[in-house]
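For reference, the structure discussed in these notes is given below.
In the working numbering, the protein residues as written are 6 to 330.
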């Protein structure tokens with residue numbers, strides 16, 4: 006089994022309303038990393054995460070599933086949680102070992118109760134927050150309506166990273182504002198294309214990103230007010246710092262079922278989401294609090310976040326190693 010250092014691990018929980026495509030997104034990530042030769046579908050009952058007979062019957066997740074994938078030499082542990090409120094315990098299970106909460110939202114539905122609950126839970130736990138606007142291939146999808154909805158609900162922390170370029174109700178390409186590059190998708194494969202002319206909207210999106218980054222440090226704020234452009238390195242480091250502190254919630258978009266924008270999301274998770282640092286507190290033999298660090302040289306410590314009793318396998322414990330080996 007390949008070993009990963011803590012710096013090359015991302016623990017990301019998928020949360021949000023039922024039916025917005027969390028399981029499909031996990032499946033898409035699994036497929037594009039080359040770990041499967043077929044793309045499972047919830048409607049067909051053949052996804053990796055929804056394997057329980059009850060989940061296949063409902064066509065919805067009822068328990069948290071752990072799906073590890075590798076992207077750019079980084080292990081991303083995806084924790085696919087239920088969107089149905091009857092199984093909210095699964096969401097709490099998934100959030101416990103996570104460092105980031107990826108809130109999945111339908112491009113045709115906008116912000117709903119499930120997204121609001123996921124955001125509040127992430128804020129309460131002090132976890133990084135990211136958004137993925139899914140189902141952009143749907144003819145009724147409207148990214149900018151969802152974007153405005155997100156800003157109205159969650160404030161200026163919402164920061165666009167990947168946005169669609171739409172003509173006549175059809176997505177021509179996806180624009181990565183951070184890289185100032187555009188990508189077109191055909192059969193799930195991405196190809197770089199010239200950045201289209203988006204008019205004043207592009208400048209507005211750039212300004213929204215720069216403003217969010219400027220608030221992460223006094224140095225960047227001074228540069229912002231002086232109207233000096235940020236370098237790409239400053240943007241990435243500023244976004245990473247803002248995401249870790251909870252001051253920035255980046256937005257990505259695409260279509261899980263059509264494999265659009267999934268690679269851009271994975272790139273963002275690797276470059277900006279918090280790595281598996283600990284931040285956990287334990288108690289020593291004298292009942293005093295001890296701050297644990299993610300170091301192999303420290304005593305072994307782990308957190309059990311999920312217990313499953315299977316009639317064929319027996320009891321299984323899912324745990325996150327916090328320190329040691």
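Glycine residues also receive a C-beta, built at the ideal position from the N, C-alpha and C atoms.
Every value quoted in this text rests on a predicted model; they were computed, and no experiment measured them.
### Interface flag, residue 163 vs chain B, CB-CB below 7 Å
Any reference to chain B falls outside this structure, which holds one protein chain only.
### Task
Name, in chain order, the residues that DSSP records as bridge partners for residue 321.
313
### Query
Between the beta-carbon of residue 275 and the beta-carbon of residue 38, is there less than 7 Å?
Remark: C-beta atoms of residue 275 and residue 38 do not approach each other more closely than 7 Å.
### Query
Opposite residue 85 in the DSSP bridges: which residues?
19, 70
### Query
Which first and last residues belong to the alpha helix (DSSP H) in which residue 128 is found?
118-130
### Query
How would you label residue 8, buried or exposed, when you count the other beta carbons within 10 angstroms and need 16 or more for buried?
exposed
### Message
Mapping the DSSP letters down to three states, classify residue 12 as helix, strand or coil.
### Response
helix
### Query
In chain order, what residues of the same chain lie with their CB nearer than 8 Å to the CB of residue 250, ignoring the 5 residues before and after it?
221
### Query
In chain order, which beta strand (DSSP E) runs of at least 3 residues are fully inside the stretch 220-299?
254-258, 286-288, 294-296
### Task
Please state whether DSSP places residue 169 in a helix, a strand or coil.
strand
### Message
Is the separation between the beta-carbon of residue 116 and that of residue 20 shorter than 7 Å?
### Response
Against a cut-off of 7 Å, the Cβ pair of residue 20 and residue 116 comes out as no contact.
### Query
Does DSSP classify residue 144 as helix, strand or coil?
coil
### In DSSP terms, what residue 139 is bridged to
111
### Query
Leaving out five residues before and five after residue 145 in sequence, what residues of the same chain have Cβ atoms less than 7 Å from its Cβ?
Around residue 145: 113.
### Query
residue 266 and residue 258: beta carbons closer than 7 Å?
yes
### Message
residue 255 and residue 135 - do their beta-carbons sit closer together than 7 Å?
### Response
yes
### Task
State the DSSP-derived secondary structure class of residue 164, mapped to helix, strand or coil.
strand
### residue 326 (DSSP reduced to helix, strand or coil)
strand
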